[in-house]
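S.K.:
Numbering (the working numbering), first residue to last: 2 to 446.
1. By DSSP, does residue 104 sit in helix, in strand, or in coil?
2. According to the Cβ coordinates, are residue 475 and residue 172 closer than 8 Å?
3. Is any heavy atom of the ligand FAD found at a distance shorter than 7 Å from the C-beta of residue 77?
4. Apply the 10 Å Cβ neighbour rule to residue 219 and answer buried if 16 or more other Cβ atoms are within range, or exposed otherwise.
5. Beta-carbon within less than 6 Å of residue 188's beta-carbon, same chain only, minus the 5 sequence neighbours each way: which residues are those?
6. Rounded to whole angstroms, what's the CA-CA distance from residue 117 to residue 108? Just pull it up for me.
7. How do the region 355 to 364 and the region 234 to 244 stand: do at least 3 beta-carbon pairs fall below 8 Å, yes or no?
8. Exposed or buried, what is residue 279 when buried is set at 16 or more other beta-carbons lying within 10 Å of its beta-carbon?
9. Determine the burial state of residue 208: buried for a count of at least 16 other Cβ atoms within 10 Å of its Cβ, exposed for fewer.
10. Return the chain-ordered list of same chain residues with a C-beta closer than 8 Å to the C-beta of residue 319, the five sequence neighbours on each side being excluded.
11. How do the region 242 to 254 and the region 321 to 334 stand: do at least 3 beta-carbon pairs fall below 8 Å, yes or no?
12. Mind checking residue 87: buried by the 16 CB within 10 Å criterion, or exposed?
13. Who does residue 153 pair with in a DSSP beta bridge?
14. How many Å lie between residue 124 and residue 145 at the Cα?
15. What beta strand (DSSP E) runs, 3 residues minimum, are completely inside the region 17 to 60?
16. Helix, strand or coil for residue 146 per DSSP?
17. Assuming contact is defined by CB atoms lying nearer than 8 Å, are residue 32 and residue 110 in contact in what I supplied?
18. For residue 253, I'd like the list of residues in its chain whose CB is within less than 7 Å of its CB, leaving aside the five on either flank, ordered along the chain.
19. Are the region 209 to 216 and the region 297 to 308 in contact at 8 Å, needing three or more beta carbon pairs?
20. Hey, how far is the Cα of residue 199 from the Cα of residue 181?
21. Here's the rule I'm using: 16 or more other beta-carbon atoms within 10 Å means buried, otherwise exposed. How should residue 229 be labelled?
22. When DSSP labels each residue in this structure, what does residue 255 get in the three-state scheme?
23. Roughly how many angstroms separate the alpha carbons of residue 342 and residue 23, rounded to a whole number?
24. DSSP three-state call for residue 119: helix, strand or coil?
25. By DSSP, does residue 279 sit in helix, in strand, or in coil?
26. Kindly indicate which three-state DSSP category residue 213 falls into: helix, strand or coil?
27. Grouping DSSP H, G and I as helix and E and B as strand, with all else coil, what is residue 67?
28. Going by DSSP, name the residue or residues bridged to residue 78.
29. So for residue 99, helix, strand or coil by DSSP?
30. Per DSSP, which one or two residues make a beta bridge with residue 260?
31. What residues match up with residue 169 in a beta bridge as DSSP calls it?
32. Looking only at C-alpha atoms, which of 53, 243, 212 and 37 sits nearest to residue 77?
33. Can you tell me the Cα-Cα spacing of residue 186 and residue 194, whole angstroms?
34. Going by DSSP in three states, residue 350 sits in which element: helix, strand or coil?
35. Within 10 angstroms of the Cβ of residue 289, are there 16 or more other Cβ atoms? Answer buried if so, exposed if not.
36. What separation, rounded to the nearest whole angstrom, lies between the Cα atoms of residue 43 and residue 49?
Here you go:
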């Protein structure tokens, strides 16, 4: 793919209020839900930011009207530019924020790495464990990770809906301290609270466990989160997917972090006794937590399912596939994640159609793989008994609790923020994403 800037010299600043040459230069790659909202906030704050997308319809919409943002902490309409090409004379960028979907992230990084300053950094904002892939392209010293703690969708080209509040967790895979992380954190504070961690791997793996369950099962089930998690067998599958992910992370020597400061994946992982039991106090408590998540975020829909509907490759190999591959290398069995991955790929190949019955068949087929009793999966729309005893997860440390929104805590003290599942929330005025892609052919790099 060639990159020739339409302007003479370098890409024009996105805002007349952009800072001088001493300010960090920022490139946002991808103008979908996440990238569009990031670019809008940074432009609104007067940063020297360039938004980049290969989608002509999105670029034209932004250039004609601006970034139109609604929802949490919305800046409204922000006049800005989106470029589709970068020329060889473009001045280097200090930070390149990669906001594409995981299957496109490596191509995106290769496409723009020539425009990254020698002392700059690329920031992976995808779900999964993309930092290692990008480090092979940009170099470990120029690769950061950014775990997003808020949700967003693009409802039509150039129109963005921020579906929840939250910020970022930034870090390096080696856990090293880096002044660039703190500079970037100050910049991203315009979007939401931003912290720097010395345990990026722990934050990544914890969120990976959630995404492997929510996004993938949502794809197989073909419905929104609330409708699916009312069924006990779906909750059980979610717990087993997360349990395998936690087991692989432990074998890899990763110290898991609480998601959004509250959801403890070490606690939610099933014990050996719970995996073989039909019911127990611990199982009741864990089912109750998953049910609370489903109730709180009932309108969320799998972004992987949306990708398949648009004819785009799903990110399952960056989620469940990553768990399967790493589990095999560490001699950790991951039969549930493997089965989920196969179902998602079959759906993407149009060999199967998403449905609750397909999800139930997957559940029934995998009982013997994990030694679980068949009766443990009887579908139910009822929550665990209200008076059931439970062993609550360890309380979050005081400095961690602030990451959880107050309304989340009102539902469950250990339920994650909306961005933990990081899916799409429908809008009553939402334009079909499939129709958008049918017009444009592709959303981002």
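We treat Cβ as the ideally placed atom computed from N, Cα and C, and that holds for glycine.
Values in this document were obtained by computation on a predicted structure and should not be read as measured data.
M.R.: Looking at the coordinates:
1. helix
2. In the structure displayed, the chain extends from 2 to 446; residue 475 sits before or after that span and is not available.
3. Ligands in the displayed structure: none, and consequently the ligand FAD is not present.
4. buried
5. none
6. 15 Å
7. yes
8. exposed
9. buried
10. 103, 104, 127, 128, 129, 130 and 131
11. yes
12. buried
13. 163
14. 5 Å
15. 26 to 30 and 49 to 53
16. strand
17. no
18. 327 and 331
19. yes
20. 14 Å
21. buried
22. coil
23. 47 Å
24. strand
25. coil
26. helix
27. coil
28. 69
29. strand
30. 264
31. 149 and 195
32. 37
33. 8 Å
34. coil
35. buried
36. 8 Å
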